[in-house]
Structure formats: C-alpha cells, structure tokens
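Enquirer:
Residue numbers (the numbering used here): 3 to 635.
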C-alpha cells in the first residue's frame with residue numbers, strides 16, 4: 003500500500019488549473035451539494051425506502067492519514083515545482099501548495115464525510131467500463147448507474163476536490179458483485195500538479211493511495227485503516243447491511259455558513275425528490291431535509307438572509323418556495339395529465355395565487371432542471387401563478403436527459419447525435435411549450451375585460467355624433483386652454499423585484515415619506531434605515547438617483563448598450579427592468595464592461611453631469627423595452 007504518482011515518460015506537465023476542478027471553483031459548496039446528492043440518487047436501490055445522505059464534519063489526527071509522510075513529501079515537491087519559475091505555474095499554484103503544506107503539518111485536519119444509505123454503492127470492480135473505474139480513474143468518461151442517471155460519474159466527480167485544501171479525497175464503497183457477494187473497495191485520489199523527484203524524474207499530477215501495483219483499491223475491511231475512512235469498520239459479515247458509499251474530503255476548507263449553503267443548495271435542486279419521499283439529507287446533525295421539514299425550511303428567513311448575496315439569490319430561493327407550495331398543497335392546485343408523443347405520460351401542476359412569480363418549473367427524476375424553457379418565459383397578461391412539469395415516463399425522461407448540458411440546467415436539442423434526432427428534439431420542446439401554455443391559458447390567464455370608458459381624458463378629445471359624421475362636441479382649443487406651469491412632480495415609486503423588502507423614493511419624496519412621523523426629525527439621517535411610509539421601522543428605503551437622456555441600444559438578444567447622464571456624484575446601483583403589460587420585473591445583469599456586479603445589479607462610481615456608456619449582458623435573452631433605474635448606495 004502507499005501513494006503513487008506515475009512516472010511521466012512523455013515529457014508532459016499536469017498544471018495546477020485542472021479543468022474539472024475549475025468548473026466548480028465559483029460556488030464550490032453549492033456545486034458539491036448538487037453533484038454529490040445527484041450521485042446518491044442515481045445509485046438508489048429499488049423499493050420504497052428513500053436515499054439517506056448524512057454529511058458530517060470531523061477533526062481527525064493528521065497522523066491517522068494512511069502513509070502521511072509520503073503525501074506530505076508529494077505536496078512539498080509540488081510546492082517546490084510551483085515556486086520554480088521554469089515550471090511556469092505562477093503565484094496561484096505556489097499559494098495553494100504553501101497553504102496545503104501548512105495544513106498537512108498541523109496536528110489535526112478537517113475531514114468532511116458524506117455517506118449515503120439505501121444505495122447500491124459505486125459498482126465495481128475497478129476495471130474499465132464499470133462505474134467505480136469511471137469515478138476514480140477514467141478521464142472524460144461517464145458510466146451511469148442507471149439509464150436515467152443524471153450524469154453522476156462524469157464532470158461532477160470533480161466537485162469534492164474544489165472544497166479540499168489538499169485536493170485529496172478518500173472513497174470507500176460497498177456494492178454487490180454479479181454473484182451477489184458484498185464487496186468493499188477503499189482508495190484515495192489526489193489531483194495535484196506534476197513535480198520532480200530528487201533524481202529529476204517527472205511525476206504526474208494525479209496520484210492514488212491503495213495497492214501500488216496499477217494503483218488499485220484495497221478490498222475488504224482492513225483493521226489498520228482508521229474508522230473515518232472505511233465504509234465498514236467491522237468483519238465482513240457486516241458488509242451485507244452496508245451497501246453505499248462514504249466519501250471523505252481531506253482538508254475541508256470550511257467556508258463561512260457552509261452548512262446553511264449546503265442545505266439551501268440541496269433544497270433548491272432536489273425539492274421534488276424530497277417531497278416525493280425519495281431523499282432525506284442530514285447536514286451535521288443541524289439541519290434535516292425531509293418531506294415533513296421542507297416547507298418549513300423555505301419559510302426560514304435566517305437561511306434566506308445568509309444566501310442573499312450569492313448569484314441569483316434570494317430570487318431562486320423564493321421561486322423554489324413557490325414550487326414547493328405547488329407540489330405540496332392540494333387546495334387550489336390544478337393537476338393536468340396527458341399522453342404526449344415521444345414523452346409519454348406527463349403531469350403539470352398549476353397554482354394560481356397572488357404573489358406567485360409566473361414561472362414554469364421542469365423537474366426530472368426529482369431534480370430541478372430549469373424554469374427558463376424557450377416559449378415559457380413571458381406571461382404578462384396572466385394571473386400570478388407557478389407551475390411544475392414532470393415527465394412520468396421512463397423513455398421520456400431518457401430523452402430529456404439526453405438533451406441536458408453538463409450543468410443539467412436546460413434542454414438543448416443540438417446535443418443529440420444526428421440531425422434527425424436534433425430536429426425531433428426541437429419539435430418535442432416546441433410541442434411541450436405549446437401544451438403547457440394552452441393549459442395555463444385555461445387556468446391562469448386573465449379574462450378579457452369589458453370595454454370601459456376612460457372619463458379622465460374626455461375633455462381632451464371630441465365625442466363623435468351618433469352617425470359618425472359632423473363636428474365633435476366639447477372641442478378644446480389646445481393653443482388657448484391648456485396651461486403649462488412649472489410645478490415639481492413627485493417621482494413615483496418603482497416596482498422592485500418580488501422578495502426585496504425595499505421602497506424606492508425620489509429625493510423630493512423625503513418630506514412626504516416621513517411627514518406623518520413625529521419621531522423622525524431629519525429623514526436624511528435615516529436613509530438606509532428600515533422605515534415604512536409613516537416612519538415605522540419596517541423596510542429599507544432606497545434613494546432613487548435621477549438619470550436623464552437614457553438610451554438602451556440593442557446589440558443582440560442578450561446585450562444592450564446603455565447611455566445616460568447622472569445628476570448625482572457618488573456610488574450608484576443600476577438596475578434594468580423589462581417593461582411588461584401589467585408590471586415591471588428586473589432583468590438580472592450577468593456581465594458588464596465597467597463597475598462590479600452583485601445579485602444581477604451593477605454598481606458604479608459616478609460624477610454629476612457626466613455622460614456614461616455601459617454595455618451590459620443579461621442572463622436571459624430579452625428583446626422587449628427596458629427601463630433603467632439607479633439608486634444611491
């Protein structure tokens with residue numbers, strides 16, 4: 003047994019920026035929850051029992067890591083290579099390995115354990131073509147546990163390395179072989195960088211702990227391995243009760259509020275499976291996600307506050323709360339079922355209620371895929387509603403899965419193999435969107451209102467006589483009767499995105515806003531406080547900044563070039579709203595050529611009277627009219 007980094011005979015170099023790990027570096031805790039839970043659900047055994055995932059943080063003696071001196075030496079050699087200018091790694095790699103070397107020299111190390119139950123484990127043996135081999139040793143290979151698996155052993159297997167300060171994990175799994183025998187495999191894998199040994203031999207960046215010959219896993223229970231590594235820490239008679247996997251992430255980075263971020267990610271991505279009784283997740287004994295607790299979890303404002311600075315949050319949290327209501331409630335929920343060509347048995351649940359955000363959520367096998375399907379994004383003339391779609395047919399779900407990208411957040415027909423299949427995929431999605439919209443028209447569309455006379459404008463226009471001829475009555479001479487006076491007009495409040503507890507006001511509104519309050523003497527001293535229109539402490543007040551000569555030039559369906567002049571000096575927060583038939587809603591900004599982004603909003607430092615030109619890219623395609631609003635920060 004021991005650590006092995008194979009000799010590189012081809013004069014290549016494994017750099018620090020591993021593409022698999024980099025894919026998850028942006029939001030590592032969020033991705034970890036999605037990918038690991040997805041792995042466990044894919045390995046669910048048949049029957050009515052839910053998959054149970056337990057996540058625990060341990061502090062273990064560093065000396066208990068198998069062959070610790072070898073691992074420590076390998077990390078030191080990687081540090082030496084990273085600090086060597088001739089290797090071309092740069093400061094990023096050097097900083098990482100410097101911290102890693104400090105971690106591995108401490109007396110204690112953090113280990114995040116993720117164990118699943120009521121699963122089949124990662125099926126072996128460790129030979130090409132088996133899920134275990136794909137997970138531990140193959141590159142660019144995805145071998146599914148089942149034909150409806152969500153991509154568990156492809157790119158998602160790199161997510162745990164993104165939260166390891168040593169980029170090292172241990173895997174111990176128990177599975178049944180073809181003869182019904184229960185087998186335990188235990189192995190470690192480290193994704194470091196190439197390095198030189200003392201004799202100047204180049205070693206590859208990926209290394210393994212286990213049997214040194216061909217880097218194979220250790221089989222069965224081993225009494226000299228620590229309990230925190232092995233799935234089963236008893237004799238082989240216990241194996242038949244222990245199918246499943248234990249993943250141990252070495253040197254867990256412990257980001258702030260990691261437990262809460264894990265919980266939110268699991269809840270947002272797998273609320274369908276949890277409500278359906280297929281999944282239970284326990285996070286460090288602090289949070290338990292189950293059918294009974296999920297609805298209450300989405301009402302937890304402290305959780306919502308923790309994640310509100312993350313990208314797309316808390317909008318996604320609020321949206322998923324509405325989807326949970328749609329799935330969990332029976333009163334006022336319309337359930338529509340149908341048999342569709344290609345997809346088979348499908349189901350759509352519709353909840354019409356004030357405050358719902360007018361989106362259609364698509365679930366596959368209990369996992370949230372998207373609520374941005376083409377053709378189902380704009381519902382300006384509909385009542386407030388949410389809807390949840392699920393395909394209940396095995397073959398239909400296979401087809402949908404084949405159209406999903408690696409992130410599993412859309413359906414893309416061009417990912418299918420042949421032009422005929424791509425054409426078929428597009429047709430399926432168009433038919434699906436039409437069917438969903440037809441059902442929404444039946445249950446959620448606003449009925450056409452009767453014709454109503456607008457009496458407020460009648461003195462500006464003439465009334466025609468009965469036969470449509472002749473002069474109109476009550477004609478107004480526009481040159482003589484209309485008087486224009488210079489009078490300040492109160493700036494109206496702007497509708498903010500649902501879920502944001504704010505009031506937008508203009509500078510001239512300040513006295514009006516607080517004039518009923520006896521306690522507030524100077525409202526300018528309280529901007530940024532939480533007061534309602536009568537001065538009671540309740541909501542955050544945002545001071546609107548005047549913009550003039552605003553232009554929004556369409557570059558393409560995702561990009562606009564904004565131009566405006568500011569009557570203010572300081573820091574502003576710029577938001578873009580789609581102007582709909584019934585309300586305005588915010589279009590989140592994902593990229594901008596200046597400033598900084600936070601939650602889909604752009605922050606800039608501006609000077610009064612200056613003209614600014616900003617190019618922004620939206621997170622979703624939008625071709626309609628927009629409004630540009632700025633607030634003082």
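For every residue, glycine included, the Cβ atom is placed at its ideal position computed from N, Cα and C.
What would DSSP say about residue 601, mapped onto helix, strand or coil?
Expert: Locating residue 601 in the chain shown gives position 599, counting from the first residue. Residue 601 falls in the coil class under three-state DSSP.
Enquirer: If you follow the beta strand (DSSP E) that residue 63 is in, where does it begin and where does it stop?
Expert: As a position in the chain shown, residue 63 is number 61, starting the count at 1. Its beta strand (DSSP E) spans residues 53-63.
Enquirer: Rounded to the nearest angstrom, how far is the Cβ of residue 591 from that of residue 580, given a contact under 8 Å?
Expert: What you label residue 591 is simply residue 589 of the chain shown in a count that begins at 1. What you label residue 580 is simply residue 578 of the chain shown in a count that begins at 1. No, residue 591 and residue 580 are not in contact; Cβ-Cβ is about 12 Å, not under 8 Å.
Enquirer: Alpha carbon to alpha carbon, how far is residue 161 from residue 36? Give it in angstroms, no decimals.
Expert: Taking the chain shown and counting its residues from 1, the one referred to as residue 36 is at position 34. Taking the chain shown and counting its residues from 1, the one referred to as residue 161 is at position 159. One C-alpha to the other measures close to 9 Å.
Enquirer: Rounded to whole angstroms, what is the Cα-Cα separation between residue 310 and residue 376?
Expert: One-based indexing of the chain shown puts residue 310 at position 308. One-based indexing of the chain shown puts residue 376 at position 374. So the two alpha carbons sit approximately 27 Å from each other.
Enquirer: Return helix, strand or coil for residue 128, following the three-state DSSP convention.
Expert: Locating residue 128 in the chain shown gives position 126, where the first residue counts as 1. Looking at residue 128 - three-state DSSP - the assignment turns out to be coil, as it is neither helix nor strand.
Enquirer: For the beta strand (DSSP E) holding residue 281, just list the boundary residues, first then last.
Expert: Along the chain shown, one-based indexing puts residue 281 at 279. Residues 281-285.
Enquirer: To the nearest angstrom, report how far apart residue 626 and residue 261 are at their CA atoms.
Expert: Translated into the one-based positions of the chain shown, residue 626 becomes position 624. Translated into the one-based positions of the chain shown, residue 261 becomes position 259. Cα to Cα, residue 626 sits roughly 40 Å from residue 261.
Enquirer: Provide the residue span of the alpha helix (DSSP H) that contains residue 437, from first to last.
Expert: Within the chain shown, numbered from 1, the residue matching residue 437 stands at position 435. Residues 421-446.
Enquirer: Less than 8 Å between C-beta atoms, sequence neighbours within five positions excluded: which residues of the same chain meet that for residue 387?
Expert: Looking up residue 387 in the chain shown gives position 385. These residues qualify, in order along the chain: 352, 353, 354, 355, 358, 360, 381, 442, 445 and 446.
Enquirer: For residue 76 and residue 24, what's the separation of their Cα atoms in angstroms?
Expert: The residue labelled residue 76 in the question sits at position 74 within the chain shown. The residue labelled residue 24 in the question sits at position 22 within the chain shown. Taking the straight line joining both Cα atoms gives about 22 Å.
Enquirer: Enumerate in chain order the residues of its own chain whose CB-to-CB distance from residue 584 is below 6 Å, with the five nearest sequence positions on each side excluded.
Expert: Against the chain shown, residue 584 aligns to sequence position 582. Bear in mind that a pLDDT of 48 at residue 584, under 50, signals an unreliable position, so the model cannot answer this.
Enquirer: For residue 485, count neighbouring C-beta atoms within 10 Å of its own C-beta (all shown protein chains included) and say buried if the count is 16 or more, exposed if not.
Expert: Position 483 of the chain shown, counted from the first residue, corresponds to residue 485. Low confidence applies to residue 485: its pLDDT is 47, below 50, so where it sits in the model is not reliable, and the reading given next is rough at best. Label assigned to residue 485: exposed.
Enquirer: For the structure I just gave you, are there three or more beta carbon pairs, one from the stretch 57-64 and one from the stretch 102-109, closer than 8 Å?
Expert: yes
Enquirer: Mind listing, in chain order, the continuous alpha helix (DSSP H) runs of no fewer than 4 residues lying wholly within the stretch 298-366?
Expert: 303-309 and 317-330
Enquirer: Report the three-state DSSP secondary structure of residue 33 (helix, strand or coil).
Expert: To locate residue 33, count along the chain shown from 1; it is residue 31. Note: residue 33 maps to helix in three-state DSSP.
Enquirer: Going by C-alpha distance, which of 379, 396, 417 and 282 is nearest residue 117?
Expert: In the chain shown, counting from the first residue as 1, residue 117 sits at position 115. Closest option to residue 117, Cα to Cα, is 282.
Enquirer: Reducing DSSP to helix, strand and coil, say where residue 223 ends up.
Expert: Along the chain shown, read from residue 1 onward, the residue named residue 223 stands at position 221. Of the three classes helix, strand and coil, the one that applies to residue 223 here is coil, per DSSP.
Enquirer: Does the separation of the CB atoms of residue 102 and residue 95 fall below 8 Å?
Expert: The sequence position of residue 102 within the chain shown is 100, counting from 1. The sequence position of residue 95 within the chain shown is 93, counting from 1. No, they are not a contact pair.
Enquirer: Tell me whether residue 5 sits in a helix, a strand or coil according to DSSP, three-state version.
Expert: The count along the chain shown starts at 1 and reaches residue 5 at position 3. Note: residue 5 maps to strand in three-state DSSP.
Enquirer: Exposed or buried, which one is residue 97 when buried takes at least 16 other CB atoms within 10 Å?
Expert: Indexing the chain shown from 1 puts residue 97 at position 95. Its Cβ having fewer than 16 others within 10 Å, residue 97 is exposed.
Enquirer: Report all residues from its chain with a CB closer than 8 Å to the CB of residue 483; omit the five preceding and five following residues, and keep chain order.
Expert: Translated into the one-based positions of the chain shown, residue 483 becomes position 481. Residue confidence is low: residue 483 scores 47 on pLDDT, short of 50, so the model does not pin down where it sits. Its coordinate-derived value is still stated next. Here the set comprises nothing.
Enquirer: Should residue 130 go down as buried or exposed, given a rule of 16 or more other Cβ atoms within 10 Å for buried?
Expert: Taking the chain shown and counting its residues from 1, one reaches residue 130 at position 128. Per the 10 Å Cβ criterion, exposed.
Enquirer: Given this structure, state the Cα-to-Cα distance separating residue 599 from residue 605, to the nearest angstrom.
Expert: Numbered from its first residue, the chain shown carries residue 599 at position 597. Numbered from its first residue, the chain shown carries residue 605 at position 603. Looking at the two C-alpha atoms, the distance is approximately 6 Å.
Enquirer: Secondary structure at residue 1, three-state DSSP: helix, strand or coil?
Expert: What the structure shows of the chain is the stretch from 3 to 635, and residue 1 is not part of that stretch, so it cannot be assessed.
Enquirer: Cα-Cα, which of 389, 225 and 371 is closest to residue 402?
Expert: The residue you call residue 402 lines up with position 400 of the chain shown. The option with the nearest alpha carbon to residue 402 is 371.
Enquirer: For a cutoff of 8 Å on Cβ pairs, would you count residue 224 as touching chain D?
Expert: In the displayed structure, chain D is absent; only one protein chain is listed.
Enquirer: Starting from the C-beta of residue 597, find all residues in its chain whose C-beta is less than 7 Å away, skip the five residues before and the five after it, and write them out in chain order.
Expert: The residue labelled residue 597 in the question sits at position 595 within the chain shown. Correct list, in chain order: 604, 605 and 606.
Enquirer: Between which residues of its own chain and residue 74 is the CB-CB distance below 8 Å, once the five residues before and five after are set aside?
Expert: Taking the chain shown and counting its residues from 1, one reaches residue 74 at position 72. Hits under 8 Å: 103, 106 and 107.
Enquirer: Would you say the beta carbon of residue 353 comes nearer than 7 Å to a heavy atom of the ligand SAH?
Expert: Only the bare structure without any ligand can be found here, which leaves the ligand SAH out of the picture.
Enquirer: Nearest-angstrom Cα distance between residue 633 and residue 99?
Expert: Start at 1 with the first residue of the chain shown, and residue 633 comes out as number 631. Start at 1 with the first residue of the chain shown, and residue 99 comes out as number 97. Rounded to whole angstroms, residue 633 and residue 99 show a C-alpha spacing of 43 Å.
Enquirer: To the nearest angstrom, how far is the alpha carbon of residue 313 from that of residue 573?
Expert: By one-based count along the chain shown, residue 313 stands at place 311. By one-based count along the chain shown, residue 573 stands at place 571. Their Cα atoms are separated by approximately 21 Å.
Enquirer: Give the DSSP bridge partners of residue 546, in chain order.
Expert: Along the chain shown, read from residue 1 onward, the residue named residue 546 stands at position 544. Paired residues: 633.
Enquirer: Taking the alpha-carbon of residue 92 as reference, which of 113, 207 and 18 has the nearest alpha-carbon?
Expert: Along the chain shown, read from residue 1 onward, the residue named residue 92 stands at position 90. Residue 18 is the option with its Cα nearest to residue 92.
Enquirer: Below 8 Å on the Cβ atoms is my contact criterion, and I expect residue 568 with residue 594 to pass it. Report the Cβ-Cβ distance as a whole number of Å.
Expert: Within the chain shown, numbered from 1, the residue matching residue 568 stands at position 566. Within the chain shown, numbered from 1, the residue matching residue 594 stands at position 592. So it is not a contact: roughly 16 Å between Cβ atoms.
Enquirer: What do you reckon, are the CB atoms on residue 72 and residue 3 nearer than 8 Å?
Expert: Position 70 of the chain shown, counted from the start, is the residue given in the question as residue 72. Position 1 of the chain shown, counted from the start, is the residue given in the question as residue 3. Their beta carbons are not under 8 Å apart, which means residue 72 does not touch residue 3 by this criterion.
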